[in-house]
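Peer 1:
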Amino acid sequence: MNEEMQPVPQESWLTKKRGVRDVWFWVFLVLLLVFGFEVWLLFKFMFVATMIGSSSMEPTLEKGDAVIVRRIRFTPDNLPNRGDLVFFRDPITKKDWLVKRVIGLPGETLIIWAGRVYINGVPLDEPYVNGIVEEYGMWQIPKDAVFVMGDNRPSSNDSRDFGPVPLDLIEGKVVFRYFPLGRVGRITP
């Protein structure tokens, strides 16, 4: 029997290259999906991205600044520090979110008199304040709340208006500004 010999087809270099490229594409796609899922988890459980909607925190934060909030569950045993910028649900509407500076801590007596804030009778040094504080009176801060104020005192709706903020309404503290690009950086008290 005389059979014609057929050449065995061999993979061309182009086919081999395409196969390697396909493998790398799928590896890249899987890694991208895993990375995306991890970022989603971080922002679902550890961080919140939000935009500042008013001028009440100027000059520290300006209207339109985009910030990252680190989620922290504050309790009487785990309090924010004086000076921290906290992100919390409006105690009146329970819908809106606000960013203000922690001024008074649980158990303290806060007095606003003659344009100054006093904590337990001691004047508070506030180099970040923009504007004069009107005389508002005295507050005894409950053990499960903090007193917050905006840095732009004349245009801030804060604890002077709605009282101390319960700790369970605080979602976390502002840690980073990512927009505008010229003001990117950590937010420190």
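Going by numbering that gives the first Met the number 0, the first residue of the sequence shown is number 0, and it counts up by one from there. We put the beta carbon where it would ideally sit given N, CA and C, even for glycine.
1) If I measure Cβ to Cβ from Y127 and keep anything under 6 Å in the same chain, skipping five residues before and after, which residues do I get?
2) Could you say which of F27, Y117, N119, T49 lies nearest to F87 if we only look at CA atoms?
3) Nearest CA to the CA of R69: which residue from D76, M56, E61, L84?
4) For the 8 Å Cβ check, are there 3 or more pairs between the region 91-101 and the region 139-157?
5) Suppose you measure from the CA of N156 to the CA of N129; what does that come to, to the nearest Å?
6) Would you kindly work out how many angstroms separate the C-alpha atoms of Y177 and S53, rounded to a whole number?
7) What three-state label does DSSP hand K99 in the structure shown?
8) May I have the straight-line CA-CA distance separating R159 from W23, to the nearest angstrom?
Peer 2: So, from the listed chains and residues:
1) T59, D150
2) T49
3) Of the listed residues, the one whose Cα sits closest to R69 is L84.
4) Between the region 91-101 and the region 139-157 there are three or more inter-stretch CB-CB distances shorter than 8 Å, so the stretches are counted as touching.
5) 14 Å
6) Rounded to the nearest whole angstrom, the CA to CA distance from Y177 to S53 is 17 Å.
7) Correct three-state label for K99: strand.
8) 59 Å
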